[in-house]
Amino acid sequence: MQTAMNAHKREHISTFSRQRRRETLVGYSFVTPAVLLLIFFLVLPFLLAVVFGFTKFNLLRPDKIHFTGFDNYKLLFTDGLFYKSLWNTLYFTIIVVPVQSGVALMLALLVNNSLKLRNVFRIAYFSPVVTSMTVIAILWISLYNPNEGLINSALHFFGISNQPFLRSSSQAMNSIIFMSVWQAAGYQMMIFLAGLQGISKDLYEASSIDGANKLQQLRYITIPSLYNVTVFVLTITTIQAVKLFVQPYIMTNGGPENSTRTLALLIYQQGFQFRNAGYASAISVIFFLIVVLISFSMKKFLRDK
Amino acid sequence: MRNTRTKLLLYVLNFIMSLLFIIPLLWMIVSSLKPENQIFADLSSLKSLLPLHITLDNYRSAFERIPMLKYLFNSIFYVSVICISGLGVNSICGYALAKLRFRGSEFILVSIIALMIVPFESILMPLYLVVNALHWVNTWFALIVPFIANCFSIFMFRQFFMDIPNEILESASIDGSGPLKTFASIVVPLSGPVFATVFILDFISHWGDFMWPILVTTGESLRNIQLGIQTFFTLPPIFYGQIMATLTFTTVPIIVLFLLLQKYYVQGITSAGIKG
Numbered sequence: 573m574q575t576a577m578n579a580h581k582r583e584h585i586s587t588f589s590r591q592r593r594r595e596t597l598v599g600y601s602f603v604t605p606a607v608l609l610l611i612f613f614l615v616l617p618f619l620l621a622v623v624f625g626f627t628k629f630n631l632l633r634p635d636k637i638h639f640t641g642f643d644n645y646k647l648l649f650t651d652g653l654f655y656k657s658l659w660n661t662l663y664f665t666i667i668v669v670p671v672q673s674g675v676a677l678m679l680a681l682l683v684n685n686s687l688k689l690r691n692v693f694r695i696a697y698f699s700p701v702v703t704s705m706t707v708i709a710i711l712w713i714s715l716y717n718p719n720e721g722l723i724n725s726a727l728h729f730f731g732i733s734n735q736p737f738l739r740s741s742s743q744a745m746n747s748i749i750f751m752s753v754w755q756a757a758g759y760q761m762m763i764f765l766a767g768l769q770g771i772s773k774d775l776y777e778a779s780s781i782d783g784a785n786k787l788q789q790l791r792y793i794t795i796p797s798l799y800n801v802t803v804f805v806l807t808i809t810t811i812q813a814v815k816l817f818v819q820p821y822i823m824t825n826g827g828p829e830n831s832t833r834t835l836a837l838l839i840y841q842q843g844f845q846f847r848n849a850g851y852a853s854a855i856s857v858i859f860f861l862i863v864v865l866i867s868f869s870m871k872k873f874l875r876d877k
Numbered sequence: 191m192r193n194t195r196t197k198l199l200l201y202v203l204n205f206i207m208s209l210l211f212i213i214p215l216l217w218m219i220v221s222s223l224k225p226e227n228q229i230f231a232d233l234s235s236l237k238s239l240l241p242l243h244i245t246l247d248n249y250r251s252a253f254e255r256i257p258m259l260k261y262l263f264n265s266i267f268y269v270s271v272i273c274i275s276g277l278g279v280n281s282i283c284g285y286a287l288a289k290l291r292f293r294g295s296e297f298i299l300v301s302i303i304a305l306m307i308v309p310f311e312s313i314l315m316p317l318y319l320v321v322n323a324l325h326w327v328n329t330w331f332a333l334i335v336p337f338i339a340n341c342f343s344i345f346m347f348r349q350f351f352m353d354i355p356n357e358i359l360e361s362a363s364i365d366g367s368g369p370l371k372t373f374a375s376i377v378v379p380l381s382g383p384v385f386a387t388v389f390i391l392d393f394i395s396h397w398g399d400f401m402w403p404i405l406v407t408t409g410e411s412l413r414n415i416q417l418g419i420q421t422f423f424t425l426p427p428i429f430y431g432q433i434m435a436t437l438t439f440t441t442v443p444i445i446v447l448f449l450l451l452q453k454y455y456v457q458g459i460t461s462a463g464i465k466g
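Top line first, the protein sequences correspond to chains V and U. If you're matching positions, the first sequence starts at 573 in my numbering and goes up one per residue. If you're matching positions, the second sequence starts at 191 in my numbering and goes up one per residue.
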């Protein structure tokens, strides 16, 4: 009896382990294509960026590579253009994140209701999101045209004189900010909208029985309920914002007077225009660290609050 | 009474805001249909938003100046190949991470989540060197292969597959169906929405590709539509009507795709938001 049970158990264990082995084999073969691709085109380049940061070489001559220790980083921290680009990147981020999220939340509140045309409004707010940034950048160069642009014509209507927008070092970055908010607010609106629709209607009913008005409901029900969604929106917007590249690349090429040169643009220019591959890698590493720092600190900061 | 007043206020606010969001695009489309001199003549009045002198001349002359259809074809081709092969590679990876137990799967999952944070800009240079070492510069491989595997897509698939009950999968395997067959005949048919969602998110993001194609394409033959319109914009003589025509022409396919698959695109964005 005892031995029979043991035999049965052994057999069970052995089919179990055979199945386990088979599952392992299948598992590996299923993840292999993706994992190999990620190793070659994401992990390897990432590690190379870290290594290249300690070297000096021309992009076109990767065979003539010299290790130079921390020289690139020393140079970086004395490079005025690096600091300028860092500042521009931070300035863009600091302004765009709250403004865009605020506009998005307002839009979400505007279309979260039973209006008959709400879907039309939603699509209107969302249409710039699906339009590519290249198209938008070129379109807005025309809109911002100092002499014959649509925006100056509109300002003229209100009695405001022509503005230089992208041609002025004091207005160029703000012009890019305005356009970026216009382009992407619809995206965040959708996320806020999903959050709003997840709030239980009972909360609103109960509070209106208690005599709360719309503003109090917004303050005491809506805003607190959106906490997690807001954390998410702020985090992704920040990470998107520090990557600012296409807008200045197409619209201003970093000018006037470096006022729109960003870190991503600097990496591109150092690496591919001046072919300083090592120096560009060092900037890439700093750039990566900034992104990591932001995503971790956002989470922590917002959780502590 | 108070309700109608709120409604009216909402309508007015929504109407004003939608105008702000739609006017630039409307102006782009309307201007593309006007003779060049009319665009500027109308600029200071409401007529700038009304298609009063419709002509297709801008489209005709823009198409004569640059190979727009070729660019469009290039974009559709390489973006489709990325997305479709991506669906295969990322879905089976996500499936293995969701439903199969094997040594190292936890580590792979955590690594994939961690890798989501690596910004493309910070690997741009070394990735170029990798692609260059493979002699892929100015080939389709450079535009396609590095982007097939996608951490975010794998993660989306994994989250979706987690919710499929194990009983269904077990009963299929008791019936003697191999793992790949179980996946293809049971899991895939159940997962239409997640496939559509991943496809359209990926498609729209690669449709806008700009920085990478500049680096890895040297001639016209592989250029995508984003590079096409950017080149056109810098190509003198500059005619606004023609530029607006190319912009409109680039935007229309993606808006059609969006309207067709709108539900999934929005689902993708919002599910990411709620899970995040």
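All C-beta atoms in this analysis are idealised placements derived from N, C-alpha and C, irrespective of residue type, glycine included. Source: prediction; values computed, not measured.
{"Item": "Interfacial residues, the segment 304-333 of chain U to chain V, with Cβ spacing under 7 Å", "Value": "305, 307, 308, 309, 311, 312, 313, 314, 315, 316, 317, 319, 320"}
{"Item": "Cβ-based contacts, 9 Å cut-off: residues of the segment 194-228 of chain U near chain V", "Value": "196, 197, 200, 201, 203, 204, 205, 207, 208, 209, 210, 211, 212, 213, 214, 215, 217, 218, 221"}
{"Item": "Option nearest residue 720/V by Cα separation, candidates 768/V, 621/V, 734/V", "Value": "734/V"}
{"Item": "Minimum C-alpha distance to residue 416/U - residue among 822/V, 678/V, 871/V", "Value": "822/V"}
{"Item": "Uninterrupted alpha helix (DSSP H) stretches inside the segment 195-235 of chain U (no shorter than 4 residues)", "Value": "226-231"}
{"Item": "Residue 819/V beta carbon less than 8 Å from that of residue 723/V", "Value": "no"}
{"Item": "Spatial distance of residue 877/V from residue 871/V (CA atoms)", "Value": "Confidence at residue 877/V is low in this model, with a pLDDT of 47, below 50, so the placement of that residue should be treated as unreliable; the coordinate-derived value is given next. Rounded to the nearest angstrom, the two C-alpha atoms are 10 Å apart."}
{"Item": "Neighbourhood of residue 716/V by C-beta, 7 Å cutoff - its chain only, sequence neighbours within 5 removed", "Value": "723, 737, 738, 747"}
{"Item": "Closest residue to residue 676/V among 208/U, 233/U, 455/U (Cα-Cα distance)", "Value": "208/U"}
{"Item": "The segment 253-267 of chain U in contact with the segment 398-418 of chain U per 3-pair CB rule at 8 Å", "Value": "yes"}
{"Item": "Chain V contact for residue 288/U (CB, 8 Å cutoff)", "Value": "no"}
{"Item": "Straight-line gap, residue 200/U to residue 455/U (C-alpha atoms, nearest Å)", "Value": "26 Å"}
{"Item": "Same chain, Cβ closer than 6 Å to residue 348/U, neighbours up to 5 away in sequence not counted", "Value": "284, 287, 288"}
{"Item": "Integer-rounded CB distance, given that residue 857/V should sit under 8 Å from residue 621/V", "Value": "6 Å"}
{"Item": "Beta-ladder partner(s) of residue 638/V, from DSSP", "Value": "628/V"}
{"Item": "Proximity winner among 725/V, 697/V, 763/V, relative to residue 755/V (alpha-carbon distances)", "Value": "697/V"}
{"Item": "Buried or exposed by the 16-neighbour rule on C-beta atoms within 10 Å, applied to residue 625/V", "Value": "buried"}
{"Item": "Contact the segment 688-704 of chain V vs the segment 755-764 of chain V: 3+ CB pairs below 8 Å", "Value": "yes"}
{"Item": "Residues of the segment 257-280 of chain U with Cβ closer than 7 Å to any Cβ of chain V, in chain order", "Value": "279, 280"}
{"Item": "Of the listed residues 854/V, 811/V, 829/V, nearest to residue 863/V (C-alpha basis)", "Value": "811/V"}
{"Item": "Environment of residue 450/U [buried if 16+ CB atoms lie within 10 Å]", "Value": "exposed"}
{"Item": "Segments assigned beta strand (DSSP E), at least 3 residues, entirely inside the segment 310-343 of chain U", "Value": "none"}
{"Item": "Beta-carbon neighbours of residue 754/V, restricted to chain U and to distances below 9 Å", "Value": "210, 211, 214"}
{"Item": "Span of the alpha helix (DSSP H), counted from its first residue to its last, around residue 805/V", "Value": "799-814"}
{"Item": "Where the segment 381-403 of chain U meets chain V: residues whose CB sits under 7 Å from a CB there", "Value": "394, 397, 398, 400, 401"}
{"Item": "8 Å Cβ shell around residue 608/V - same chain, five flanking residues per side excluded", "Value": "none"}
{"Item": "Beta-carbon contacts of residue 565/V that lie in its chain and below 8 Å, excluding the five residues immediately before and after", "Value": "Limits of chain V in this structure are 573 at one end and 877 at the other, which puts residue 565/V out of reach."}
{"Item": "Chain V residues whose Cβ lies nearer than 7 Å to that of residue 298/U", "Value": "603, 607"}
{"Item": "For residue 455/U, three-class secondary structure by DSSP", "Value": "helix"}
{"Item": "CB contact below 8 Å: residue 813/V versus chain U", "Value": "no"}
{"Item": "Stretch pair the segment 338-346 of chain U + the segment 291-311 of chain U: three plus CB contacts closer than 8 Å", "Value": "yes"}
{"Item": "Cβ-Cβ distance between residue 767/V and residue 798/V below 8 Å", "Value": "yes"}
{"Item": "Residues in the segment 410-443 of chain U having any Cβ partner in chain V nearer than 7 Å", "Value": "416, 419, 420, 423, 430, 433, 437, 440, 441"}
{"Item": "Option nearest residue 613/V by Cα separation, candidates 222/U, 341/U, 386/U, 273/U", "Value": "341/U"}
{"Item": "Chain V within 8 Å of residue 292/U, Cβ atoms only", "Value": "yes"}
{"Item": "Collapsed DSSP secondary structure at residue 848/V in the structure displayed", "Value": "strand"}
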